[in-house]
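**Q** Residue numbers (our numbering), protein chains in the order written: chain A, 171 to 330; chain B, 171 to 330; chain C, 171 to 330; chain D, 171 to 330.
Number of protein chains: 4
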Amino acid sequence: MSSSFQPLNPDFDAVVRDSFARQPFMSEVGARIALLEPGICEIHVDMRKGLTQQHGFFHGGLVTAITDSAAGYASYSLYPENSTVLTVDLNVKFLKPAQGSLLRARAEVVKTGKTLYISRADAFAEEGEASNHCLTGLFSMMCLPGKPDHINFGRNDSAA
Amino acid sequence: MSSSFQPLNPDFDAVVRDSFARQPFMSEVGARIALLEPGICEIHVDMRKGLTQQHGFFHGGLVTAITDSAAGYASYSLYPENSTVLTVDLNVKFLKPAQGSLLRARAEVVKTGKTLYISRADAFAEEGEASNHCLTGLFSMMCLPGKPDHINFGRNDSAA
Amino acid sequence: MSSSFQPLNPDFDAVVRDSFARQPFMSEVGARIALLEPGICEIHVDMRKGLTQQHGFFHGGLVTAITDSAAGYASYSLYPENSTVLTVDLNVKFLKPAQGSLLRARAEVVKTGKTLYISRADAFAEEGEASNHCLTGLFSMMCLPGKPDHINFGRNDSAA
Amino acid sequence: MSSSFQPLNPDFDAVVRDSFARQPFMSEVGARIALLEPGICEIHVDMRKGLTQQHGFFHGGLVTAITDSAAGYASYSLYPENSTVLTVDLNVKFLKPAQGSLLRARAEVVKTGKTLYISRADAFAEEGEASNHCLTGLFSMMCLPGKPDHINFGRNDSAA
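1) Quick check on the DSSP output: the alpha helix (DSSP H) that includes V258 (chain C) runs from which residue to which?
2) Cβ of S310 (chain A) less than 8 Å from any chain C Cβ?
3) If I measure Cβ to Cβ from D259 (chain A) and keep anything under 6 Å in the same chain, skipping five residues before and after, which residues do I get?
4) Taking a contact to mean a Cβ-Cβ separation below 8 Å, would you say P318 (chain C) touches N252 (chain C) in this structure?
5) Within the same chain, show all residues whose beta-carbon is closer than 7 Å to that of V185 (chain D), passing over the 5 residues directly before and after it, in chain order.
6) Taking just the CA atoms, how far does D238 (chain B) sit from E299 (chain B)?
7) Mapping DSSP to helix, strand and coil, what is S245 (chain B)?
8) Taking C-beta pairs closer than 9 Å, name the residues in chain D that N179 (chain B) reaches, listed in chain order.
9) Suppose you measure from the CA of P208 (chain A) to the CA of E198 (chain C); what does that come to, to the nearest Å?
10) Name the DSSP bridge partner or partners of S289 (chain B)?
11) Check the Cβ of F195 (chain D) against every Cβ in chain C and list those closer than 8 Å, keeping chain order.
12) Only counting the same chain, and skipping five residues up and downstream in sequence, which positions put a Cβ closer than 6 Å to that of A362 (chain A)?
13) Where F182 (chain B) and T254 (chain B) are concerned, what is the direct C-alpha to C-alpha distance, given to the nearest angstrom?
14) For a contact defined as C-beta to C-beta under 7 Å, what are the partners of N261 (chain D) on chain A?
15) Can you tell me where the beta strand (DSSP E) holding V215 (chain C) begins and where it ends?
16) Using the three-state DSSP reduction, which class does S301 (chain C) fall into: helix, strand or coil?
17) Whose C-alpha, out of A:H225, A:M217 and A:L248, is nearest the C-alpha of L206 (chain A)?
18) As a quick exercise: from C:T285, C:S174 and C:L314, pick the residue whose alpha carbon is nearest that of L314 (chain A).
19) Would you mind stating whether I203 (chain B) and R192 (chain B) have Cβ atoms separated by less than 8 Å?
20) Using a C-beta to C-beta distance shorter than 8 Å, which residues of chain C count as neighbours of E198 (chain D)?
21) Using only alpha-carbon positions, find the residue among A:E212, A:T282 and A:M312 that is nearest to Q176 (chain A).
22) Taking the continuous beta strand (DSSP E) assigned at R187 (chain D), which residues delimit it?
23) Along chain D, which residues have their Cβ under 9 Å away from the Cβ of L265 (chain A)?
24) Whole-angstrom Cβ separation of F195 (chain C) and T222 (chain D), contact assumed at under 8 Å?
25) Am I right that E212 (chain A) and A293 (chain A) are in contact with their C-beta atoms under 8 Å? What's the rounded C-beta distance?
26) Here's a check: name, in chain order, each residue in its chain whose Cβ is nearer than 7 Å to the Cβ of T306 (chain A), leaving out the five neighbours to either side.
27) Do V279 (chain B) and S244 (chain B) have their beta-carbon atoms positioned less than 8 Å apart in this structure?
28) Based on the DSSP output, what are the partners of A295 (chain C) in its beta bridges?
29) Do you know how far the Cα of A241 (chain C) is from the Cα of L256 (chain C)?
30) Excluding sequence positions up to five away, which residues of its chain have a Cβ less than 8 Å from the Cβ of D327 (chain B)?
31) Given a threshold of 16 other Cβ atoms within 10 Å of its Cβ, counted over all protein chains shown, does A330 (chain B) qualify as buried or as exposed?
32) Give the straight-line distance between the Cα atoms of Q224 (chain B) and H320 (chain A), rounded to the nearest whole angstrom.
Written out as structure tokens, the structure is:
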């Protein structure tokens, strides 16, 4: 479970958690960072009715959003100081309905680059000892150096 | 804007809206069906802080979730009676930050099949006359005939 | 069918065709550029047995390769001088078997950026008046400015 | 490296190799099955100029085609008798240029279903002891039971 990546930013842990804390949508859905190592991030969400689809499972869109966030912060943990992160691409395959009381998304960076970071990520819906592997996906994150994470972009900035 | 698909279920409009209304996550985020024709669905969401990421835009995961929902209901509008819909695969490319006061996701079915329905979908974040094309994607939905949409699946049912 | 993009390189037509001509795999399979406008590229391939899979259709991998090439050159037509192109990501959905005597792949750029160019592309297998829409996909191309297209990269260069 | 899947067809090895041998495109490019276990398939291709792009690497489209084939036969190894396989969806991320004298694509099935089989696959371009991890991807294969693999489909059959 331990990572082989060397973070460029020695403060990566604080930087990632600070960025995560500034995402209102993550607190809206009750998401929390459960594990953070260089290039690895795991995010947990507890089941509540407001997060479900018509069959009572975690909504697939929410599962995707949480997994995307895990992939984003796995990448962001490896970025240089004074940079920010944007998802440019995500590919997700749903393997099983996300049935369970805990949603667990885990992402690991596969490749770093000057601009693009590629992650592999999975989500699991868990109930007691049962773990439903509900999603596997690939995510591409862009590293925007020199763009601080804590202020808004101007209107005409593009994602890439 | 009018569709060339013939719906199998004459009650498709009521069936889709009823299913949408039973997705607690959609009401949680304030999503509403703004357009529904056979094979086409458009969903709108108003900006509020709880739906944003750290730069003040609609969260990319939320944008994906809403677009996925539009693709799901575009497909579901063409399904036979007494069936349900599950996303099996989504591919999303983010084109611009989702900056605006209204999020508009629009999906159109590209291909119907016995089992799989393929849709193309886009999302736009709009502010006055400005429209930011923030996402384009491809979605695969599975048609599960004989599985009613309004009851829960059993634990071991798989998505496919 | 005419494009709304303004090419950065006035010699884009010659530059694209020269690069295409230096791809041995394209001539190996008999591919030719059938249409080239700024941000749009169409590539054609005639059926022959060596390009088929076990059912006698164009092999899906070949269809993907040709469509990827169309997307690459649609993007490359918009690049600045003295740059090269690499695919970073492709998402392809197969809609129908690629049955026909002519394979036609057509790509259009959806978005340009500093680094990434996103295209939408489709492939059709045609026989007389019948046209089988066999593939739809999304492609991300990287623009590598200052990297000439006609010499080899060093071993450790990464795609991104 | 050994697989945990139980094949439904005890003759899976002969059935897969027979289908592979009937793909003219695979012999055209010199592809061979280097490893086959239930749910796992590895395909190798030797470098030759006809398989390259403009920088002298294996063409990305060819790398995708070979990896797709590995994913298809990993899935097909788990299918019941008297069935055939079609790719319905592929998502590929290119990690590095495919530089080397041997291309090695390896796929493993992640999930089996009634209709869809999901695989994860990677490709490596190798030169002596150096191995360039050039592609990672996710693939969805459809199982078509009752459709023999060795005869052509009719014109109007769809992939799904």
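Cβ coordinates follow ideal geometry from the N, Cα and C atoms, glycine included.
**A** So, from the data block:
1) Stepping through the third sequence from its first residue, residue 258 (chain C) is reached at position 88. No alpha helix (DSSP H) holds V258 (chain C); the beta strand (DSSP E) holding it covers S253 to F264.
2) The residue you call residue 310 (chain A) lines up with position 140 of the first sequence. For S310 (chain A), at least one C-beta of chain C is nearer than 8 Å to its own C-beta.
3) Indexing the first sequence from 1 puts residue 259 (chain A) at position 89. Hits under 6 Å: S310.
4) Working through the third sequence from its first residue, we reach residue 318 (chain C) at position 148. Working through the third sequence from its first residue, we reach residue 252 (chain C) at position 82. A contact, by the Cβ cut-off of 8 Å.
5) Residue 185 (chain D) sits at position 15 when you count from the first residue of the fourth sequence. Only residues of its own chain outside the window of five on either side were considered, and among them N179 have a CB closer than 7 Å to the CB of V185 (chain D), listed in chain order.
6) By 1-based counting over the second sequence, the position of residue 299 (chain B) is 129. By 1-based counting over the second sequence, the position of residue 238 (chain B) is 68. Straight-line Cα distance between these residues: approximately 25 Å.
7) Residue numbering aside, residue 245 (chain B) sits at position 75 when the second sequence is read from its first letter. Of the three classes helix, strand and coil, the one that applies to S245 (chain B) here is helix, per DSSP.
8) As a first step, residue 179 (chain B) is located in the second sequence; it is residue number 9 there, counting from the start. Here the premise fails: no neighbours, minimum Cβ distance about 20 Å.
9) The residue given as residue 208 (chain A) occupies position 38 in the first sequence. The residue given as residue 198 (chain C) occupies position 28 in the third sequence. So the two alpha carbons sit approximately 44 Å from each other.
10) Residue numbering aside, residue 289 (chain B) sits at position 119 when the second sequence is read from its first letter. B:V279 and B:F309, per the DSSP bridge assignment.
11) The residue you call residue 195 (chain D) lines up with position 25 of the fourth sequence. Chain C residues near F195 (chain D): G220, L221, T222, Q223, H229, G231 and L232.
12) Because residue 362 (chain A) is not part of the residues shown, which for chain A are 171 to 330, the question remains open.
13) For the purposes of this step, residue 182 (chain B) is taken as the residue at position 12 of the second sequence. For the purposes of this step, residue 254 (chain B) is taken as the residue at position 84 of the second sequence. If you take the alpha carbons of F182 (chain B) and T254 (chain B), they lie about 12 Å apart.
14) Taking the fourth sequence and counting its residues from 1, the one referred to as residue 261 (chain D) is at position 91. Correct list: N261 and L308.
15) Translated into positions along the third sequence, residue 215 (chain C) becomes position 45. Looking at the DSSP string, the run of the beta strand (DSSP E) that includes V215 (chain C) is I210 to D216.
16) For this step, residue 301 (chain C) is matched to residue 131 along the third sequence. Strand at S301 (chain C).
17) The residue labelled residue 206 (chain A) in the question sits at position 36 within the first sequence. Looking at the Cα atoms, A:L248 is the closest of the given residues.
18) As a first step, residue 314 (chain A) is located in the first sequence; it is residue number 144 there, counting from the start. Checking every option, the nearest Cα to that of L314 (chain A) belongs to C:T285.
19) Mapped onto the second sequence, residue 203 (chain B) falls at position 33. Mapped onto the second sequence, residue 192 (chain B) falls at position 22. Taking 8 Å as the Cβ cut-off, I203 (chain B) and R192 (chain B) do not qualify as a contacting pair.
20) Locating residue 198 (chain D) in the fourth sequence gives position 28, where the first residue counts as 1. Simply G220 and L221.
21) Within the first sequence, numbered from 1, the residue matching residue 176 (chain A) stands at position 6. Answer by Cα proximity: A:T282.
22) By one-based count along the fourth sequence, residue 187 (chain D) stands at place 17. Boundaries for R187 (chain D): no beta strand (DSSP E) harbours it, while the alpha helix (DSSP H) harbouring it runs F182 to A191, taken from the DSSP string.
23) As a first step, residue 265 (chain A) is located in the first sequence; it is residue number 95 there, counting from the start. What L265 (chain A) touches in chain D: V280, K281, G283 and I288.
24) Residue mapping note: residue 195 (chain C) aligns to position 25 of the third sequence, counting from 1. Residue mapping note: residue 222 (chain D) aligns to position 52 of the fourth sequence, counting from 1. About 6 Å separates the Cβ atoms of F195 (chain C) and T222 (chain D), confirming a contact at the 8 Å cut-off.
25) For this step, residue 212 (chain A) is matched to residue 42 along the first sequence. For this step, residue 293 (chain A) is matched to residue 123 along the first sequence. That belief does not hold up - the Cβ atoms of E212 (chain A) and A293 (chain A) are roughly 10 Å apart, past 8 Å.
26) Taking the first sequence and counting its residues from 1, one reaches residue 306 (chain A) at position 136. Excluding residues within five positions, the ones whose Cβ falls inside 7 Å are K263, L265 and D292.
27) For the purposes of this step, residue 244 (chain B) is taken as residue 74 along the second sequence, with counting starting at 1. For the purposes of this step, residue 279 (chain B) is taken as residue 109 along the second sequence, with counting starting at 1. One detail in the question is off: residue 244 (chain B) reads as Ala in this sequence, not Ser. Yes. Within cutoff.
28) Locating residue 295 (chain C) in the third sequence gives position 125, where the first residue counts as 1. A295 (chain C) pairs with C:L273 and C:N302.
29) For this step, residue 256 (chain C) is matched to residue 86 along the third sequence. For this step, residue 241 (chain C) is matched to residue 71 along the third sequence. Computed Cα separation, rounded: 10 Å.
30) Here the question's residue 327 (chain B) lines up with position 157 in the second sequence. Unreliable placement is indicated for D327 (chain B), whose pLDDT of 38 sits below 50; no coordinate value is reported for it.
31) Residue mapping note: residue 330 (chain B) aligns to position 160 of the second sequence, counting from 1. The pLDDT assigned to A330 (chain B) is 42, lower than 50, so where the model puts this residue is not dependable, and the model offers no usable value.
32) As a position in the second sequence, residue 224 (chain B) is number 54, starting the count at 1. As a position in the first sequence, residue 320 (chain A) is number 150, starting the count at 1. Approximately 7 Å between the Cα atoms of the pair.
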